[in-house]
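Just so we're aligned: 1087 in the numbering used here is position 106 of the sequence shown, and the numbers increase by one with no gaps anywhere.
Some notes on the structure that comes next.
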Amino acid sequence: MADDRPELLVRLTGRVLGLYNTGNWYRFAAQLLEQALAQPQRLTAHDRVACHAALSVIYFMANDVSVGLRHAEKALEGAASPAAELGELQTAALTMRGFGLAIQGSVPGAN
């Protein structure tokens, strides 16, 4: 609510409430974040890293390890930029990458 627009938050929350109740909530959130990443020039380095870090969590929760790992790696690539001003996002991305690699290493035949 940095723009002091609480009505936007209410609209967004109200529209996704049904998804949280009926399942597949992650698809909507992932779609919004992927849509934002489709226009990287309009995002700050910090916002791009935040999107990738959030997507890594979403895809791991959806049990899509390869996509989750890809987003964790992209978050870490972005975190290497001095303009990113991170900290917690880099920690989240490192954690998600470690989690994904642990899953792949513990499941026979997983790549």
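Glycine included, every Cβ here is placed at the ideal spot set by N, Cα and C.
Distance CB(residue i)-CB(residue j) smaller than 8 angstroms
i: G1059; j: A1026; result: yes
i: Y1040; j: V1048; result: yes
i: G1081; j: V1038; result: no
Residue i - containing alpha helix (DSSP H), residue span
i: V1088; result: First-last for V1088: undefined, no H or E at that position.
i: L1057; result: V1046 to A1060
i: L1024; result: Taken as a continuous stretch (DSSP letters only), L1024 belongs to no alpha helix (DSSP H), as it is neither H nor E.
For residue j and residue i, believed in contact at Cβ under 8 angstroms, the rounded distance
i: L1075; j: L1050; result: Rounded, the Cβ-Cβ distance is 12 angstroms, inconsistent with contact.
i: V1007; j: A1043; result: Before going on, a small fix: residue 1007 reads as Tyr here, not Val. Yes, they are in contact, since the Cβ atoms of Y1007 and A1043 sit about 5 angstroms apart, within 8 angstroms.
i: A1073; j: A1034; result: 5 angstroms
i: L1014; j: L1036; result: 5 angstroms
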